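Chemist: Each residue of the sequence shown is one higher than the last, beginning at 81 in this note's numbering. For every residue, glycine included, the Cβ atom is placed at its ideal position computed from N, Cα and C. Predicted, not measured: the structure shown is a model, and the values here were computed from it.
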Amino acid sequence: MAVRRWSDLSGRNRRLIAILVLLDSVLKAAALVDLRRRDVQELRGSKKVWGLAITFSNSAGLVPLIYFTLGRKKRG
81 MAVRRWSDLS GRNRRLIAIL VLLDSVLKAA ALVDLRRRDV QELRGSKKVW
131 GLAITFSNSA GLVPLIYFTL GRKKRG
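1) Between A140 and L100, what straight-line distance do the alpha-carbon atoms span, to the nearest angstrom?
2) Which of the three DSSP states is assigned to R94 in this structure?
3) Ends of the alpha helix (DSSP H) at A133?
4) Are the CB atoms of R152 and R116 within a distance shorter than 8 angstroms?
5) S137 and V143: beta carbons closer than 8 angstroms?
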């Protein structure tokens, strides 16, 4: 199997990959900021585990989305 290089990709595919990387980075940053500001009683699970999962997972934005939907308890 031949290795594909960045230069081998079409312009459309390069743009798509760049957009997905940017989206993943923004979601990770937003999740980490929220995690840092949130009290531990407002979370489902450990801050340390969530932080590691958000930071080191290669998830195409899924782990931050899971954090926002399932990892946080409702306020109020």
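Modeler: For this structure:
1) Against the sequence shown, residue 140 aligns to sequence position 60. Against the sequence shown, residue 100 aligns to sequence position 20. If I take the Cα positions, the gap works out to 7 angstroms.
2) For the purposes of this step, residue 94 is taken as residue 14 along the sequence shown, with counting starting at 1. In this structure, R94 counts as helix in the three-state DSSP scheme.
3) As a first step, residue 133 is located in the sequence shown; it is residue number 53 there, counting from the start. Per DSSP, A133 belongs to the alpha helix (DSSP H) from 127-136.
4) Translated into the one-based positions of the sequence shown, residue 116 becomes position 36. Translated into the one-based positions of the sequence shown, residue 152 becomes position 72. Result no, Cβ atoms of R116 and R152 do not sit closer than 8 angstroms.
5) Position 57 of the sequence shown holds residue 137. Position 63 of the sequence shown holds residue 143. Yes, these two residues count as a Cβ contact at 8 angstroms.
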